[in-house]
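A.B. asks: Sharing a structure with you now.
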Amino acid sequence: MRPTLLIVDDHAGFRALARRLLGSGGFDVVGEAADGRAAVTAARELRPDVVLLDIQLPDIDGFEVLARLRDGSVGPAVVLTSTRDRADYGERVDSSGASGFVPKAELSGAAVLAVIGSGWMG
Amino acid sequence: MRWLRPALALAALAAGLVNLTLIARAGDAQPRSLLYLVIAIVGVSWSFVAVGLVAWSRRPDNHTGALMVAVGLAYALPGLRLVHSPAGYTLYLLTATLPSAVLAHLIAVFPDGRATSRLQRVFIVANYATTVPLAFAQLLLVDPRRLRCPECPPDLLGTGGQHPFGEAVMAVSDLWDVVLAGLLLWIVVSRWRRAPAPRRRGLAPVVQVAVVLLVLFGVRQALRAVLSPPPPWLDGALDLAVLTTLMLWPLAFLAGLARSRLDRLAVGDLAIELEQAPSPDRLQQALARALHDPTVQLAYWLPGQQAFVDEAARPVELPPAGGGRSVTILRHDGDTVAALVHDAALDDEPELVQAVAATARLTIENQRLQAEVRAQLEEVRASRARIVEFGDAERRRVERNLHDGAQQRLVNLSLALGIARSQVPAGADGELAAALDEAAEELRLAIAELRELARGIYPVILSEAGLGPALASLAERSPIPATVAAAPADRLPAKIEETAYYVASEALANAAKHARATAVTISARRCDRGLEVEVGDDGVGGANPDGSGLRGLADRVAALDGHLRVDSPTGRGTRITAELPCGS
Chain A
83 MRPTLLIVDD HAGFRALARR LLGSGGFDVV GEAADGRAAV TAARELRPDV
133 VLLDIQLPDI DGFEVLARLR DGSVGPAVVL TSTRDRADYG ERVDSSGASG
183 FVPKAELSGA AVLAVIGSGW MG
Chain B
87 MRWLRPALAL AALAAGLVNL TLIARAGDAQ PRSLLYLVIA IVGVSWSFVA
137 VGLVAWSRRP DNHTGALMVA VGLAYALPGL RLVHSPAGYT LYLLTATLPS
187 AVLAHLIAVF PDGRATSRLQ RVFIVANYAT TVPLAFAQLL LVDPRRLRCP
237 ECPPDLLGTG GQHPFGEAVM AVSDLWDVVL AGLLLWIVVS RWRRAPAPRR
287 RGLAPVVQVA VVLLVLFGVR QALRAVLSPP PPWLDGALDL AVLTTLMLWP
337 LAFLAGLARS RLDRLAVGDL AIELEQAPSP DRLQQALARA LHDPTVQLAY
387 WLPGQQAFVD EAARPVELPP AGGGRSVTIL RHDGDTVAAL VHDAALDDEP
437 ELVQAVAATA RLTIENQRLQ AEVRAQLEEV RASRARIVEF GDAERRRVER
487 NLHDGAQQRL VNLSLALGIA RSQVPAGADG ELAAALDEAA EELRLAIAEL
537 RELARGIYPV ILSEAGLGPA LASLAERSPI PATVAAAPAD RLPAKIEETA
587 YYVASEALAN AAKHARATAV TISARRCDRG LEVEVGDDGV GGANPDGSGL
637 RGLADRVAAL DGHLRVDSPT GRGTRITAEL PCGS
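In the order they appear, the protein sequences are chains A and B.
My numbering puts the first residue of the first sequence at 83, with every later residue one more than the last.
My numbering puts the first residue of the second sequence at 87, with every later residue one more than the last.
What follows is the structure, encoded as structure tokens:
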């Protein structure tokens, strides 16, 4: 069974490309969200295995979304992404509890799988 | 009514002369009684009228002078008892309590000349409403010969005999006088206790005399009520004491005025003090001393801002009228120079305030100019800080736009290329695959360059993670080995973090570009004033502090009220230190 995945990003163009890339890269893309609050709601409803989460969102940022997801019973693997470098966020990515970080320009099914590792099914 | 005051003076003089003639004719009266009349009529009446007229002309808006004249004229009335006719004597008896009633009114409202409290108003009404009717009741019920004047003629209204209530009415009247005296004493003392320092100076002589007078009067009336009548020697002595003290009241008033005049002489001391070009603080203290008002505050007028400011160019709100504080505007050639905010009590001394203001005018004008310069400097400093803040905000905006716009589009393009590349079947046209790979590589470089450009415009890590991680990232990306020796663990105000970061960034760039350094150490430490950022390298030294990079950095640091030091001896490395106050 392919792992289910939720894409969270405020750029529709990026979401469409990511859906195609990850869909053909071994994931079952079950939903999309364009901002932080919608992401939290969608994650609770869809219970995806993985959330691809952009850090810069129009309402609450990706770190806050992650914290809210961790507060609830939903425990998907979260992969943070950004057009910026991981280093631009200092220690925040490491301390956020995310499974890892994939720069947007390097996004692929393989990159996401490498980050969540073999234990993605929990 | 310019004739009113001379007319009143003439009336008092005439009444006094008539009284003196009557006294001279009443040669058969007792010597004590004559002395009493001379003091009452000449000592009290004339002195009150004379001093009252002085006070009146000095402060026509204050009723104190007019009330003093009224007291003086009222004290001419007892002369009526010397007119040996029942009609004159009856009139005397009817008006016998008027002098003390008007006097009580004067004491109750001194020095304002009008009632300012509810207690004062109640007292004045009770005073007039009771003393005159009580006098009338006595007239009806008591044998005039019992009224300390065995030789007086009978009055017109009297029953001629001893009415059974007569004694009681006299006792009630005397006791009521004691109550009124006590109430008046309370008014005088409580007003004294509330009075601010400058007002107390002028009030002191009058208040002291009033207290003695009221105590003596109260004791006399109490003895009359209790002993009815007291021994003539005791009553006479108290009578004399009351009248003598009363005669001192106008003199005490003059003494209060004289004090103010003497205060004006003290303006000379102020002139000497101002010779030494005092600081704004010292000037304020000198003004407070000269005006005997420790609360004096000087506010300088800034025509440019249309506002009053203090010596540190902070805005000063002038107090509204009637709040116990008064404002005297100081002008030169019709232009407002400053405002003197002082106790409202000094409104009684406009000459003193003007004399002090005139003496201090040059110094005040000088300090006004200094305050103006300080205000302009403050404005320049604030506008420089605003320019820096605006610049930083613009940098953040541009970085954000790049991130959301061009960077995002290039990233999308890169992903689309990746998808296209994955569609090329293995073993198909090798040229297409190679071209797509080439395009993807070019794109990767373009994205990396754009990211570096965006980071140079504004380092997002600074707002995301704070100064420590930002400096660490700066050191990591430095072309020469750099270490961060110290960085604050907590967050600081954004403008401090930004300035500290740019200091480190510029110093690092200089070390790499010009200093031929092999190692750089960055440290940012909390200090007493705020934050101290130090960047040292082991390069060739000789950095020019007036070069455009360092000059701009110094300006930026100065905009936060900070200081930048460049220590760069030739051959011994460069050390750039910025002190950034966190309070600004």
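Quick reminder that beta carbons are idealized off the backbone N, C-alpha and C, glycines included.
Please read these numbers as outputs of a predicted model, since none were measured by experiment.
Quick one: is B/G633 buried, meaning 16 or more other Cβ sit within 10 Å of its Cβ, or exposed?
C.D. replies: Exposed: under 16 other Cβ atoms inside 10 Å.
A.B. asks: Out of B/L121, B/V466, B/L139, point me to the one whose CA is closest to B/W89's CA.
C.D. replies: If we check each option's Cα against that of B/W89, B/L139 comes out closest.
A.B. asks: Under 8 Å Cβ to Cβ from B/L404, same chain only, skipping five residues before and after it: list those, please.
C.D. replies: These residues qualify, in order along the chain: A385, F394, V413, A425, V427.
A.B. asks: Between which two residues does the alpha helix (DSSP H) carrying B/A424 extend?
C.D. replies: Where B/A424 is concerned, there is no enclosing alpha helix (DSSP H), although the beta strand (DSSP E) it sits in stretches over 421 to 429.
A.B. asks: For B/D653, which three-state DSSP category applies?
C.D. replies: B/D653: strand per DSSP, three-state reduction.
A.B. asks: Please classify A/G107: is it buried, with 16 or more other beta-carbons within 10 angstroms of its beta-carbon, or exposed?
C.D. replies: Buried, by the Cβ-count rule.
A.B. asks: Using a Cβ-Cβ cut-off of less than 9 Å, give me the residues of the region 541 to 573 of chain B that come near chain A, in sequence order.
C.D. replies: Per Cβ criterion, the list reads R541, P545, V546, I547, E550, A551, G552, G554, P555, A556, A558, S559, E562, R563.
A.B. asks: Using only CA atoms, which one of B/P282, B/R470, B/R144, B/A372 lies nearest to B/T449?
C.D. replies: If we check each option's Cα against that of B/T449, B/A372 comes out closest.
A.B. asks: Tell me which same chain residues have a C-beta within less than 8 Å of the C-beta of B/A100, skipping the five on either side of it?
C.D. replies: Excluding residues within five positions, none has a Cβ falling inside 8 Å.
A.B. asks: Do B/G625 and B/P655 have their beta-carbon atoms positioned less than 8 Å apart in this structure?
C.D. replies: Going by C-beta atoms, B/P655 is not nearer than 8 Å to B/G625.
A.B. asks: Under 8 Å between beta-carbons, which chain B residues line up against A/A115? List them in chain order, please.
C.D. replies: What A/A115 touches in chain B: nothing, since even the nearest Cβ is about 17 Å away.
A.B. asks: I need the straight-line Cα distance from A/V184 to B/T660, nearest angstrom please.
C.D. replies: Going by the C-alpha atoms only, they are around 40 Å apart.
A.B. asks: For B/R287, which residues in the same chain have their Cβ closer than 7 Å to its Cβ, ignoring the five residues on either side in sequence?
C.D. replies: The answer, listed in chain order, is R345, H378.
A.B. asks: What is the residue span of the alpha helix (DSSP H) that A/A121 lies within?
C.D. replies: Segment 118 to 128, the alpha helix (DSSP H) holding A/A121.
A.B. asks: What did DSSP end up calling A/I142 once you bin it into helix, strand or coil?
C.D. replies: Note: A/I142 maps to coil in three-state DSSP.
A.B. asks: Mind checking whether A/G132 and A/L87 have CB atoms under 8 Å apart?
C.D. replies: Note on identity: in this sequence residue 132 of chain A is Val, with Gly being the wrong assignment. Their beta carbons are under 8 Å apart, which means A/V132 touches A/L87 by this criterion.
A.B. asks: Tell me whether B/G622 sits in a helix, a strand or coil according to DSSP, three-state version.
C.D. replies: Of the three classes helix, strand and coil, the one that applies to B/G622 here is strand, per DSSP.
A.B. asks: So which residues of chain B does A/E173 contact, with C-beta pairs closer than 7 Å?
C.D. replies: Neighbours of A/E173 on chain B, chain order: A551, P555.
A.B. asks: Using a C-beta cutoff of 8 Å, does B/R530 count as contacting chain A?
C.D. replies: Answer yes: the Cβ-Cβ gap between B/R530 and chain A drops below 8 Å somewhere.
A.B. asks: Per DSSP, B/H418 is paired with what?
C.D. replies: B/D421, per the DSSP bridge assignment.
A.B. asks: Expressed to the nearest angstrom, what Euclidean distance is found between the alpha-carbon atoms of B/E584 and B/A446?
C.D. replies: Using only the alpha carbons, I get a separation of about 48 Å.
A.B. asks: Can you tell me which of the three DSSP states B/F476 falls into?
C.D. replies: If DSSP states are grouped into helix, strand and coil, B/F476 belongs with the helices.
A.B. asks: To the nearest whole angstrom, what separates the beta carbons of A/L139 and A/D92, a pair I think is in contact under 8 Å?
C.D. replies: At roughly 6 Å, the Cβ-Cβ gap stays under 8 Å, so A/L139 and A/D92 are in contact.
A.B. asks: Between B/V621 and B/A593, is the Cβ-Cβ spacing less than 8 Å?
C.D. replies: It is a contact, given that the beta carbons lie within the stated cut-off.
A.B. asks: Return the residue from the list B/A598, B/R530, B/A580 that minimises the CA-CA distance to B/R563.
C.D. replies: The residue with the shortest Cα to Cα distance from B/R563 is B/A598.
A.B. asks: For a contact defined as C-beta to C-beta under 9 Å, what are the partners of A/F96 on chain B?
C.D. replies: By Cβ distance, chain B contributes Q494, V497, N498, L501.
A.B. asks: Starting from B/W387, trace the alpha helix (DSSP H) in both directions and tell me its first and last residue.
C.D. replies: Not the alpha helix (DSSP H): B/W387 falls in the beta strand (DSSP E), residues 383 to 388.
A.B. asks: Name the residue from B/A215, B/A201, B/W319 whose alpha carbon lies nearest to the alpha carbon of B/I273.
C.D. replies: The residue with the shortest Cα to Cα distance from B/I273 is B/A201.
A.B. asks: Does A/S164 come out as helix, strand or coil in the three-state DSSP assignment?
C.D. replies: Looking at A/S164 - three-state DSSP - the assignment turns out to be strand.
A.B. asks: Spell out whether any CB of chain A is found under 8 Å from the CB atom of B/G504.
C.D. replies: Yes - at least one Cβ of chain A is within 8 Å of the one on B/G504.
A.B. asks: Taking B/A593 as part of the alpha helix (DSSP H), name the residues at either end of that continuous run.
C.D. replies: Note, B/A593: alpha helix (DSSP H), 580 to 599.
A.B. asks: Which residue's Cα is closest to the Cα of A/A208: B/D419, B/R658, B/A532?
C.D. replies: Since the displayed chain A opens at 83 and closes at 204, residue 208 of chain A lies outside it and no answer follows.
A.B. asks: Flag A/D141 as yes if its beta-carbon sits less than 8 Å from any beta-carbon of chain B, otherwise no.
C.D. replies: Answer no: the Cβ-Cβ gap between A/D141 and chain B never drops below 8 Å.
A.B. asks: Taking 8 Å as the CB-CB limit, is B/R482 close to chain A?
C.D. replies: Taking Cβ atoms only, chain A never reaches closer than 8 Å to B/R482, which makes this a no.
A.B. asks: Contact criterion: CB-CB distance below 8 Å. Does B/R537 meet it with respect to chain C?
C.D. replies: Of the protein chains in this structure, namely A and B, none is chain C.
A.B. asks: Tell me B/A568's beta-bridge partners as DSSP assigns them.
C.D. replies: DSSP, once it has assigned bridges, lists B/V606 as partnering B/A568.
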